[in-house]
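Asker:
Protein chains: 2
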Amino acid sequence: MRVVTPEANRPRLSRDLIVAAARSVADSTGLDSLTLREVARELGTGQASLYRHIADRRELLGLLADDLALGFPLADPALPPRERLPALWQSLHGYLSRHRWAARVIVDGEHTSRNAVPFVDSLLDCSAAVGMGPALAMRTYQAVYNLLLGYLLNEHPMGHDREGGQRPLPGWHVAGGQDAFCWAMRCLLDGVLEGRGDL
Amino acid sequence: MRVVTPEANRPRLSRDLIVAAARSVADSTGLDSLTLREVARELGTGQASLYRHIADRRELLGLLADDLALGFPLADPALPPRERLPALWQSLHGYLSRHRWAARVIVDGEHTSRNAVPFVDSLLDCSAAVGMGPALAMRTYQAVYNLLLGYLLNEHPMGHDREGGQRPLPGWHVAGGQDAFCWAMRCLLDGVLEGRGDL
DNA sequence: ACCTGAACACCGTTCAAGT
DNA sequence: ACCTGAACACCGTTCAAGT
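These protein sequence lines map, in sequence, to chains A and B. Residues 1 to 199 (UniProt numbering) make up the first sequence, in order. Residues 1 to 199 (UniProt numbering) make up the second sequence, in order.
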């Protein structure tokens, strides 16, 4: 939908407005269609004007990742300690899978956004509550994070399909979505906790 | 002696030649630089000529993924059964991390290549050898595969870096590469095997 | 019949010219 | 001083014209 405002009181261009427009474009037509021309059109301005507020498309995607990280969940203290960690990861999975561009934008970015710090802190607290040391907690965080990204990317595949709609391989259908990730995530956490903690 | 090809010594264009050239371009300058123009230049032909053998760039990436899958490892029967599964995954990780474009080309593709069938069969054999049923083996395969993709994508990040070379976040450095993946993979497999096998 | 230069419709980015 | 239309250098893809 087009943010159409009378030219007189159209708000001044800003990074926030650009990011919001980019988000709207990505939500509705996907990350590949997120072009600076489209963002400019959504804002009713010229494409060159965007460069007054952002360095380039790379930075815009970074800002999008930052914006996304603002909504990362926190642990629920009402839950028993053992359940907090898996529940938090499940919550993050639910949040990220609501935006098909989320995993892509995260994977394309080199670093974790600073806005993710509260989430990670919350995660480390949960890890400490079940007896993990800081190093083990970080390693586990990285492991589940990578697992999550893998599942998200396979949930929203976008790529070179083979000819026709042929099924991948006979008998290869596996349950996807929330359930599959949660099962794998719990197995991974179990494996970490049952392990002799060699770290 | 008579030269069979009436043309110059340049061999006829074919899908295989195109894929080989694409692979060489991706290996040396990365997946983003893998343009049809560059592949054509590498082959000394016009870009339009490629379309005689491939449908479009999407298909070329698919062929690249197929070519990659041809080199997937198989289980080592000399190993004790318990070790075959982790060793096979470690071997796949080593193979894929040798090409920085590998994870990207796999993630962009919608389906697993048919050329990966021997690898997956080998994997399922290993799973059966440690007492996993077919459904559990498939679920586990999917889980470790997604974990692997996550690690590979973070090993070869290419994206919107934040301003300057600032470290991600203080104290956030975690060991990457082979070790980190292997640790996580073994934890995941342990978690699956120690689990009460609710599948 | 087979191939391909040149064109087309995009893209990110820049800059001289507008206000 | 601020903004932006138009241009530039790319990209994937197509097609009429070459051989």
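Just so it is clear, CB atoms sit at the ideal spot from N, CA and C, and this is done for glycine as well.
Going by DSSP, what residue range makes up the alpha helix (DSSP H) through Met132 of chain B?
Answerer: Where Met132 of chain B is concerned, there is no enclosing alpha helix (DSSP H), given that its DSSP letter is neither H nor E.
Asker: Shorter than 8 Å from the beta carbon of Asn115 of chain A to some beta carbon of chain B?
Answerer: So no, Asn115 of chain A is outside the interface.
Asker: Checking 8 Å against the spacing of the C-beta atoms, do Leu149 of chain B and Val107 of chain B come in under that value?
Answerer: Going by C-beta atoms, Leu149 of chain B is nearer than 8 Å to Val107 of chain B.
Asker: Are Trp101 of chain A and Met185 of chain A close, meaning C-beta to C-beta below 8 Å?
Answerer: Their beta carbons are not under 8 Å apart, which means Trp101 of chain A does not touch Met185 of chain A by this criterion.
Asker: Taking C-beta pairs closer than 7 Å, name the residues in chain B that Tyr95 of chain A reaches, listed in chain order.
Answerer: Result: empty, since nearest Cβ-Cβ is about 17 Å, beyond 7 Å.
Asker: Should residue 238 of chain B go down as buried or exposed, given a rule of 16 or more other Cβ atoms within 10 Å for buried?
Answerer: No answer is possible for residue 238 of chain B: it lies beyond the span of chain B, which begins at 1 and ends at 199.
Asker: Quick check on Arg12 of chain A: does DSSP put it in helix, strand or coil?
Answerer: Coil at Arg12 of chain A, not helix or strand.
Asker: Could you tell me the distance, in whole angstroms, from the CA atom of His99 of chain A to the CA atom of Val25 of chain A?
Answerer: Each residue's Cα considered, the two are about 12 Å apart.
Asker: I'd like to know if Val19 of chain B contacts chain A, where contact means its C-beta is closer than 8 Å to some C-beta of that chain.
Answerer: No, because no Cβ of chain A sits closer than 8 Å to the Cβ of Val19 of chain B.
Asker: The alpha helix (DSSP H) spanning Asp56 of chain B covers which residue range?
Answerer: Unbroken run through Asp56 of chain B: none, as it is neither H nor E.
Asker: Classify Tyr141 of chain A as helix, strand or coil using the three-state DSSP reduction.
Answerer: Helix.
Asker: How big is the Cα-Cα spacing for Gly46 of chain A and Arg52 of chain A?
Answerer: Taking the straight line joining both Cα atoms gives about 11 Å.
Asker: Interface residues of chain A around Gly133 of chain B at Cβ under 7 Å?
Answerer: Going along chain A, no residue has its Cβ under 7 Å from Gly133 of chain B, so there is no contact; the nearest lies around 13 Å.
Asker: Identify whether Glu110 of chain A lies in helix, strand or coil by the three-state DSSP scheme.
Answerer: Coil, per DSSP.
Asker: Could you compute how far the alpha carbon of Phe72 of chain B sits from the alpha carbon of Thr140 of chain B?
Answerer: Near 18 Å, if we compare the C-alpha coordinates of Thr140 of chain B and Phe72 of chain B.
Asker: Enumerate in chain order the residues of its own chain whose CB-to-CB distance from Leu79 of chain A is below 6 Å, with the five nearest sequence positions on each side excluded.
Answerer: Correct list, in chain order: Ala87.
Asker: Tell me whether Arg167 of chain B sits in a helix, a strand or coil according to DSSP, three-state version.
Answerer: Confidence in Arg167 of chain B is poor, its pLDDT being 46 and thus under 50, which makes the residue's placement unreliable; the coordinate value appears in the next sentence. Residue state, collapsed to three classes: coil.
Asker: I need the straight-line Cα distance from Ala48 of chain B to Arg82 of chain B, nearest angstrom please.
Answerer: Cα to Cα, Ala48 of chain B sits roughly 52 Å from Arg82 of chain B.
Asker: Got a sec, what are the start and stop residues for the alpha helix (DSSP H) Ala48 of chain A sits in?
Answerer: Looking at the DSSP string, the run of the alpha helix (DSSP H) that includes Ala48 of chain A is Gln47 to Leu50.
Asker: Can you tell which of B:Gly30, B:Pro118, B:Ser14 and B:Leu63 has the C-alpha that lies nearest to the C-alpha of Ala40 of chain B?
Answerer: Closest by alpha carbon: B:Ser14.
Asker: Roughly how far, in whole angstroms, is the beta-carbon of Ala21 of chain A from the beta-carbon of Glu42 of chain A, given that I think they are within contact range, below 8 Å?
Answerer: About 4 Å; that satisfies the 8 Å criterion.
Asker: Under the three-state reduction of DSSP, which class applies to His156 of chain B: helix, strand or coil?
Answerer: His156 of chain B falls in the coil class under three-state DSSP.
Asker: When the cut-off is 8 Å and only beta carbons count, does Leu88 of chain B lie next to chain A?
Answerer: Chain A, which has no Cβ nearer than 8 Å to the Cβ of Leu88 of chain B, makes this no.
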